[in-house]
Structure formats: C-alpha cells, structure tokens
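Novice:
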Amino acid sequence: MKNVPTIRELLSRKEVLIGAGHYLPHYDYTGLIASAGFDFVFLDAEHGSRGIESLAACVNAANVYGVPVIARAMDKTQGDIEQLLDIGASGVMMPAVETAEDAELLVRSARFGPKGDRGWNGMIRWNDYSSRLDTIRGTDSDIFVAALIETPLGHENLDEILNVEGIDAVMPGPGDLAVKMGVPVGSPEADELVFTAYKKIVEAGKIAWSGGGRGAKGAVPHIAAGARMINGASDGYLFRWLRAELEACKSEFRAHGYLSE
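According to the numbering used here, the sequence shown is numbered sequentially starting from 26.
1. Measuring CB to CB, does D127 end up less than 9 Å from R136?
2. Alpha carbon to alpha carbon, what distance is there between E107 and R279?
3. To which residues of the same chain is I192 closer than 8 Å at the C-beta, ignoring the five residues directly before and after it?
4. Enumerate in chain order the residues of its own chain whose CB-to-CB distance from P209 is below 8 Å, with the five nearest sequence positions on each side excluded.
5. Ignore the nearest five residues each way along the sequence and tell me which others in F63's own chain have a CB closer than 7 Å to its CB.
6. Could you check what DSSP says for S285 in three-state terms: helix, strand or coil?
7. For the beta strand (DSSP E) holding I174, just list the boundary residues, first then last.
8. Can you tell me whether L187 is helix, strand or coil according to DSSP?
9. Are there 16 or more other CB atoms within 10 angstroms of the CB of S74, so buried, or fewer, so exposed?
10. Suppose the cutoff is 7 Å on Cβ atoms and the five residues either side in sequence are ignored; what does the same chain contact list for A86 look like?
11. Give the single residue among I95, A249, F264, P120 whose Cα lies nearest to the Cα of P197.
12. Got a sec? Which residues, its chain only, sit under 7 Å from V41 by beta carbon, not counting five neighbours each side?
13. Does DSSP put G116 in a helix, a strand or coil?
14. Using the Cα positions of V29 and A70, report the straight-line distance between them to the nearest angstrom.
15. So M206 is in the alpha helix (DSSP H); what residue range does that whole segment cover?
16. Need the endpoints of the alpha helix (DSSP H) that H247 sits in, please.
17. Evaluate Y283 with the Cβ neighbour count: other Cβ atoms within 10 Å of its Cβ, from every protein chain shown; 16 or more gives buried, anything less gives exposed.
18. Exposed or buried, D100, counting other C-beta atoms within 10 Å across all chains shown (16 or more means buried)?
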C-alpha cells in the first residue's frame with residue numbers, strides 16, 4: 026500500500042516492533058490503535074465476530090495512519106490467507122502450524138507464482154486498484170509471512186517448520202499451547218517450550234514474535250530471549266480500563282457518602 030511501510034522496513038530501522046492485538050474488528054477501534062503510534066496492528070480474523078467487510082475497513086483505517094496490518098487467518102486454508110492479503114493486509118499469520126507441510130501451504134498461499142499459488146487480481150485493494158502486472162514482484166517480496174506455533178506437535182516439528190523457505194517470523198503462542206497441555210496459561214511447562222522456541226527461531230534466522238499482550242514488564246524477558254516483535258497491548262485492555270475506572274468511581278463516591286453499595 027502507498028505510504029505504508031513494510032514490516033521488513035520497520036525491522037530494519039528498529040530493534041523491536043511494538044504492535045497491538047486487535048480482536049474487536051471495528052474501524053474506529055483500529056483508528057484508535059493506529060493513531061496511538063503502534064508499529065503494527067495484529068488483526069485477528071480467527072476469533073471473535075468478524076466479516077470480510079469489517080476486516081477490510083479495519084485495514085483501511087490503519088493504513089490511513091501509515092500503520093501496516095498483519096492478519097491472523099481464520100483457518101489453515103489458501104482461501105482465507107488470499108482473502109486477507111487481497112483486502113490489503115501487509116502480512117498474514119497462519120494459526121496452529123504443526124508441520125512443515127502446513128508451513129509450505131502458508132508460503133504458497135501468500136506468494137504469487139512461480140514461488141506460490143496465490144491467485145492474482147490486480148484491480149482490487151492490495152494493488153491500489155491498479156491492473157499493473159509489474160507490481161507483483163514488489164508486492165510479493167513485501168508480504169510478511171508468519172507461522173503461529175501453538176500446539177505440542179508444532180513444537181515437536183519446529184526444526185522442520187523453520188527449514189521452510191519463505192517463513193519470515195514465528196510466534197510461539199502461549200495460550201492455546203497451555204490449554205492443549207492441560208496446564209494454566211503462563212505455567213512453567215508451557216513457558217519453557219516458548220523460550221526454547223525463541224532460541225531455535227533466532228538461530229534459524231527468522232524473526233521471533235511474542236504474542237499475548239504481556240505489557241511492558243512482561244515482555245522484557247521475551248525480548249531478552251530474542252523476540253523482535255511484541256504484541257504490547259490489545260483492544261481487550263479497554264475492558265480492564267473501563268472496569269478500573271468504574272471501581273475508582275464507586276470507591277470515591279462511597280468515601281463521600283454518595284453511594285452505599
């Protein structure tokens with residue numbers, strides 16, 4: 026997209042990229058996130074309420090502020106990945122990558138031929154509504170491709186996944202991993218796999234990406250372990266802020282005798 030830096034450009038200029046998870050797909054929320062100054066928006070098309078029209082509006086809203094969007098696909102299918110790129114996402118993430126075959130499908134779906142199988146229609150959002158064929162090569166190399174490893178099987182096969190050419194970044198997701206292991210989120214058993222994965226990802230020359238909206242202090246150990254992309258916050262934090270403000274109001278009003286409950 027015009028006037029929107031690629032993720033690679035941002036990584037070349039900054040030690041760490043700070044993004045925000047976007048799980049409530051409305052363009053006004055996207056505008057709030059982008060205007061706050063985050064490096065990228067992580068748009069979740071896997072969970073929550075989402076339609077392709079609302080996702081497209083979110084991408085447009087972020088791009089207005091010159092902020093790129095990386096979208097997590099709903100499923101491990103070429104159609105889902107292509108559609109997110111067609112609406113203008115600067116990058117795409119496949120959920121639950123468990124095998125090298127999954128990773129290869131991701132790369133093929135995100136790249137035009139001869140490196141991939143992505144279908145081409147130049148006169149839509151991703152190509153700024155131009156039919157120029159010469160934009161394909163530049164766009165292809167600009168697309169940021171990320172794999173989400175969030176199952177024990179994915180961690181078992183991580184070495185093979187990292188050997189797949191065309192994967193730019195890997196996020197070892199802690200939430201689903203812990204759930205599938207039958208342990209609490211943030212437990213030492215799950216975190217050990219996450220930190221072991223960081224080491225392998227960095228050694229393979231890929232970008233390690235830390236998810237989970239850990240906040241500033243929580244993210245520091247992950248950066249120290251090699252993560253260069255951080256989901257530092259999310260629109261879900263709005264609930265925490267609203268709840269905190271509500272409790273502050275109640276406490277203050279009780280202190281003045283304006284509220285009995």
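Beta carbons are placed, not taken as given, at the ideal position from N, Cα and C, and that holds for glycine.
Specialist: The structure says:
1. By 1-based counting over the sequence shown, the position of residue 127 is 102. By 1-based counting over the sequence shown, the position of residue 136 is 111. Taking 9 Å as the Cβ cut-off, D127 and R136 do not qualify as a contacting pair.
2. Here the question's residue 279 lines up with position 254 in the sequence shown. Here the question's residue 107 lines up with position 82 in the sequence shown. Near 55 Å, if we compare the C-alpha coordinates of E107 and R279.
3. Here the question's residue 192 lines up with position 167 in the sequence shown. So the qualifying residues of the chain are A128, L131, V132, V170, A171, A172, I186, K231.
4. As a working mapping, residue 209 is identified with position 184 in the sequence shown. Closer than 8 Å at Cβ, skipping near neighbours: A203.
5. Your numbering for residue 63 matches position 38 in the sequence shown. I43, G44, A45, V92.
6. As a working mapping, residue 285 is identified with position 260 in the sequence shown. S285: coil per DSSP, three-state reduction.
7. Position 149 of the sequence shown, counted from the first residue, corresponds to residue 174. I174 -> beta strand (DSSP E) spans 169 to 174.
8. Position 162 of the sequence shown, counted from the first residue, corresponds to residue 187. The answer is helix: DSSP assigns L187 an H, G or I state.
9. As a first step, residue 74 must be located in the sequence shown, where it is residue number 49. With fewer than 16 Cβ atoms within 10 Å of its Cβ, S74 is classed as exposed.
10. The count along the sequence shown starts at 1 and reaches residue 86 at position 61. Cβ neighbours of A86 beyond the five flanking positions: Y52, T55, G56, A59.
11. Here the question's residue 197 lines up with position 172 in the sequence shown. Checked all of I95, A249, F264, P120; the closest Cα to P197 is P120.
12. Translated into the one-based positions of the sequence shown, residue 41 becomes position 16. Hits under 7 Å: I248, R253, I255.
13. Sequence index remark: in the sequence shown, residue 116 carries index 91 (1-based). Reduced to three states, the DSSP call for G116 is strand.
14. Residue mapping note: residue 29 aligns to position 4 of the sequence shown, counting from 1. Residue mapping note: residue 70 aligns to position 45 of the sequence shown, counting from 1. Rounded to whole angstroms, V29 to A70 spans 21 Å at the Cα level.
15. One-based indexing of the sequence shown puts residue 206 at position 181. 199 to 206 is the extent of the alpha helix (DSSP H) around M206.
16. Taking the first residue of the sequence shown as position 1, residue 247 is located at position 222. Looking at the DSSP string, the run of the alpha helix (DSSP H) that includes H247 is 240 to 249.
17. Taking the sequence shown and counting its residues from 1, the one referred to as residue 283 is at position 258. Under this definition Y283 is an exposed residue.
18. Start at 1 with the first residue of the sequence shown, and residue 100 comes out as number 75. Classification of D100: exposed, given that the 10 Å Cβ count is below 16.
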